[in-house]
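Here is the structure we will look at, set down as C-alpha coordinates.
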Amino acid sequence: MTSASERLTPIFKQSASRSSHTCTTNVAKERGVRETAWPPCVTALNYIIKMTGAAIVVTSTWRMGTTLAELRELLGQWGIEGRVVGKTPNLCGLINGVWTTKERSEEIRQWLQDQEASRANVESFVILDDDDDVGYKGRHIKTDMQDGLTEVHAEAAIGLLQSDVLSDARP
638 MTSASERLTP IFKQSASRSS HTCTTNVAKE RGVRETAWPP CVTALNYIIK
688 MTGAAIVVTS TWRMGTTLAE LRELLGQWGI EGRVVGKTPN LCGLINGVWT
738 TKERSEEIRQ WLQDQEASRA NVESFVILDD DDDVGYKGRH IKTDMQDGLT
788 EVHAEAAIGL LQSDVLSDAR P
(Lines of atoms letter the chains of each structure in order from A; the text may use other names.)
(Lines give C-alpha, C1' and ligand atoms only; values in the text may rest on other atoms or scores of the structure.)
Protein backbone atom coordinates (compact mmCIF):
# COMPACT_ATOMS: atom_id res chain seq x y z
CA MET A 638 0.00 0.00 0.00
CA THR A 639 1.30 3.46 -0.78
CA SER A 640 1.06 6.48 1.44
CA ALA A 641 -1.02 9.47 0.44
CA SER A 642 2.12 11.53 -0.15
CA GLU A 643 3.80 8.92 -2.37
CA ARG A 644 3.51 9.48 -6.09
CA LEU A 645 2.21 6.37 -7.80
CA THR A 646 2.35 5.94 -11.55
CA PRO A 647 1.32 2.34 -12.24
CA ILE A 648 1.96 0.37 -15.36
CA PHE A 649 -0.81 -2.15 -15.73
CA LYS A 650 0.72 -5.02 -17.57
CA GLN A 651 0.20 -8.59 -18.54
CA SER A 652 3.86 -9.54 -18.30
CA ALA A 653 7.19 -8.91 -19.93
CA SER A 654 6.55 -11.66 -22.35
CA ARG A 655 6.50 -12.43 -26.00
CA SER A 656 4.05 -15.28 -26.53
CA SER A 657 0.28 -15.15 -26.28
CA HIS A 658 -0.53 -12.72 -23.49
CA THR A 659 3.13 -12.52 -22.43
CA CYS A 660 6.86 -11.91 -23.53
CA THR A 661 7.85 -15.13 -21.79
CA THR A 662 9.27 -18.46 -22.75
CA ASN A 663 8.52 -21.61 -20.80
CA VAL A 664 11.45 -23.18 -18.99
CA ALA A 665 11.82 -26.50 -17.23
CA LYS A 666 9.66 -26.71 -14.13
CA GLU A 667 12.51 -28.25 -12.17
CA ARG A 668 14.31 -24.90 -12.33
CA GLY A 669 11.61 -23.51 -10.07
CA VAL A 670 10.62 -20.67 -12.42
CA ARG A 671 7.40 -20.96 -14.37
CA GLU A 672 8.56 -18.76 -17.22
CA THR A 673 11.45 -16.55 -18.11
CA ALA A 674 11.07 -13.16 -19.76
CA TRP A 675 12.31 -12.36 -23.22
CA PRO A 676 15.25 -9.93 -22.78
CA PRO A 677 14.14 -7.24 -25.30
CA CYS A 678 10.80 -6.94 -23.48
CA VAL A 679 12.51 -6.65 -20.11
CA THR A 680 14.83 -3.98 -21.50
CA ALA A 681 11.86 -2.00 -22.85
CA LEU A 682 9.95 -2.25 -19.57
CA ASN A 683 13.00 -1.30 -17.51
CA TYR A 684 13.51 1.72 -19.78
CA ILE A 685 9.93 2.90 -19.13
CA ILE A 686 10.47 2.51 -15.39
CA LYS A 687 13.84 4.30 -15.48
CA MET A 688 12.44 7.24 -17.46
CA THR A 689 9.21 7.66 -15.49
CA GLY A 690 9.62 6.10 -12.06
CA ALA A 691 6.48 4.07 -12.74
CA ALA A 692 5.51 1.08 -10.64
CA ILE A 693 3.99 -2.19 -11.86
CA VAL A 694 0.50 -3.56 -11.31
CA VAL A 695 0.09 -7.07 -12.75
CA THR A 696 -3.14 -7.83 -14.63
CA SER A 697 -2.16 -11.13 -16.24
CA THR A 698 -4.30 -14.18 -15.47
CA TRP A 699 -1.28 -15.84 -13.83
CA ARG A 700 -1.62 -13.27 -11.02
CA MET A 701 -4.46 -15.42 -9.71
CA GLY A 702 -3.27 -17.90 -7.13
CA THR A 703 -0.01 -15.99 -6.80
CA THR A 704 0.81 -13.71 -3.89
CA LEU A 705 2.20 -10.23 -4.39
CA ALA A 706 5.47 -11.42 -2.83
CA GLU A 707 5.66 -14.27 -5.36
CA LEU A 708 4.99 -11.86 -8.23
CA ARG A 709 7.74 -9.55 -7.00
CA GLU A 710 10.15 -12.47 -6.76
CA LEU A 711 9.26 -13.79 -10.21
CA LEU A 712 9.56 -10.43 -11.95
CA GLY A 713 12.84 -9.82 -10.12
CA GLN A 714 14.14 -13.17 -11.40
CA TRP A 715 13.26 -12.00 -14.89
CA GLY A 716 15.41 -8.89 -14.43
CA ILE A 717 12.57 -6.39 -14.11
CA GLU A 718 13.85 -3.54 -11.98
CA GLY A 719 10.61 -1.76 -11.08
CA ARG A 720 8.50 -1.88 -7.95
CA VAL A 721 5.59 -4.28 -8.16
CA VAL A 722 2.96 -2.47 -6.08
CA GLY A 723 -0.08 -4.59 -6.76
CA LYS A 724 -2.19 -6.86 -8.86
CA THR A 725 -5.69 -6.25 -10.08
CA PRO A 726 -8.48 -8.10 -8.31
CA ASN A 727 -10.03 -11.16 -9.88
CA LEU A 728 -13.67 -10.19 -10.39
CA CYS A 729 -14.66 -13.50 -11.97
CA GLY A 730 -16.51 -16.10 -9.98
CA LEU A 731 -19.80 -17.63 -8.98
CA ILE A 732 -22.62 -15.17 -8.41
CA ASN A 733 -25.93 -16.77 -7.41
CA GLY A 734 -24.66 -20.10 -8.77
CA VAL A 735 -23.73 -18.66 -12.17
CA TRP A 736 -20.11 -18.31 -13.33
CA THR A 737 -19.56 -14.65 -14.14
CA THR A 738 -16.60 -13.14 -15.96
CA LYS A 739 -15.53 -9.51 -16.03
CA GLU A 740 -13.41 -7.73 -18.57
CA ARG A 741 -9.93 -6.65 -17.60
CA SER A 742 -11.03 -3.01 -17.76
CA GLU A 743 -13.40 -3.64 -14.84
CA GLU A 744 -10.57 -5.17 -12.81
CA ILE A 745 -8.33 -2.19 -13.58
CA ARG A 746 -11.13 0.22 -12.70
CA GLN A 747 -11.62 -1.58 -9.37
CA TRP A 748 -7.89 -1.39 -8.57
CA LEU A 749 -7.89 2.35 -9.33
CA GLN A 750 -10.98 2.88 -7.16
CA ASP A 751 -9.33 0.95 -4.32
CA GLN A 752 -6.28 3.23 -4.56
CA GLU A 753 -8.47 6.33 -4.50
CA ALA A 754 -10.32 5.00 -1.45
CA SER A 755 -7.02 4.41 0.34
CA ARG A 756 -5.87 7.93 -0.63
CA ALA A 757 -3.02 6.66 -2.78
CA ASN A 758 -1.90 9.25 -5.28
CA VAL A 759 -2.21 7.66 -8.73
CA GLU A 760 -0.76 10.40 -10.86
CA SER A 761 -0.87 8.71 -14.24
CA PHE A 762 -1.02 5.22 -15.69
CA VAL A 763 -0.57 3.22 -18.83
CA ILE A 764 -1.79 -0.25 -19.75
CA LEU A 765 0.60 -2.48 -21.72
CA ASP A 766 -1.36 -5.38 -23.17
CA ASP A 767 -1.84 -7.38 -26.36
CA ASP A 768 -5.57 -7.83 -25.68
CA ASP A 769 -8.34 -5.43 -26.65
CA ASP A 770 -10.51 -5.89 -23.55
CA VAL A 771 -8.58 -3.50 -21.32
CA GLY A 772 -10.71 -0.40 -21.91
CA TYR A 773 -9.08 2.96 -21.24
CA LYS A 774 -8.31 3.43 -24.94
CA GLY A 775 -6.39 6.63 -24.31
CA ARG A 776 -4.10 4.90 -21.78
CA HIS A 777 -3.66 1.55 -23.57
CA ILE A 778 -0.52 0.69 -25.52
CA LYS A 779 -1.48 -2.38 -27.53
CA THR A 780 1.50 -4.65 -27.87
CA ASP A 781 1.89 -7.37 -30.46
CA MET A 782 1.55 -11.00 -29.41
CA GLN A 783 4.61 -11.98 -31.48
CA ASP A 784 7.00 -9.14 -30.67
CA GLY A 785 5.85 -8.23 -27.16
CA LEU A 786 6.85 -4.89 -25.69
CA THR A 787 9.14 -3.01 -28.09
CA GLU A 788 11.11 0.24 -28.01
CA VAL A 789 8.31 1.92 -29.97
CA HIS A 790 5.77 0.84 -27.34
CA ALA A 791 8.14 2.00 -24.59
CA GLU A 792 8.44 5.49 -26.08
CA ALA A 793 4.65 5.74 -26.43
CA ALA A 794 4.18 4.61 -22.82
CA ILE A 795 6.72 7.15 -21.58
CA GLY A 796 4.83 9.89 -23.43
CA LEU A 797 1.56 8.89 -21.78
CA LEU A 798 3.10 8.57 -18.32
CA GLN A 799 4.82 11.92 -18.55
CA SER A 800 1.62 13.69 -19.57
CA ASP A 801 -0.20 14.84 -16.49
CA VAL A 802 -3.60 14.78 -18.16
CA LEU A 803 -5.84 11.93 -17.04
CA SER A 804 -8.89 13.23 -18.91
CA ASP A 805 -8.51 10.32 -21.33
CA ALA A 806 -8.38 7.81 -18.46
CA ARG A 807 -11.91 6.50 -18.84
CA PRO A 808 -12.71 2.95 -19.91
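Residue numbers are given in our numbering: position 117 of the sequence shown equals residue 754, and the series is strictly consecutive. We treat Cβ as the ideally placed atom computed from N, Cα and C, and that holds for glycine.
With distances taken Cα to Cα, identify the nearest neighbour of residue i among the options.
i: residue 796; options: 686, 673 and 678; result: 686
i: residue 716; options: 785, 680 and 701; result: 680
i: residue 729; options: 766, 742, 751 and 782; result: 742
i: residue 793; options: 784, 769, 771 and 763; result: 763
i: residue 799; options: 706, 711 and 689; result: 689
In the DSSP assignment, find the unbroken beta strand (DSSP E) run with residue i in it and report its ends.
i: residue 766; result: 763-766
i: residue 693; result: 692-695
Give me, in chain order, the residues of the same chain whose beta-carbon lies closer than 6 Å to that of residue i; leave out the 5 immediate sequence neighbours on both sides.
i: residue 791; result: 681, 684 and 685
i: residue 747; result: 726
i: residue 752; result: 759
Which residues mark the beginning and the end of the alpha helix (DSSP H) in which residue i is found?
i: residue 687; result: 676-689
i: residue 883; result: This structure cannot speak to residue 883, because the chain is shown only from 638 to 808.
Considering only DSSP beta bridges, list what residue i is partnered with.
i: residue 774; result: Residue 774 pairs with nothing; no bridge assigned.
i: residue 735; result: 732
i: residue 781; result: 785
i: residue 721; result: 693
Go through its chain and collect everything with a Cβ distance to residue i's Cβ below 7 Å, but skip five positions before and after it.
i: residue 749; result: 759
Tell me which same chain residues have a C-beta within less than 8 Å of the C-beta of residue i, skipping the five on either side of it?
i: residue 789; result: none
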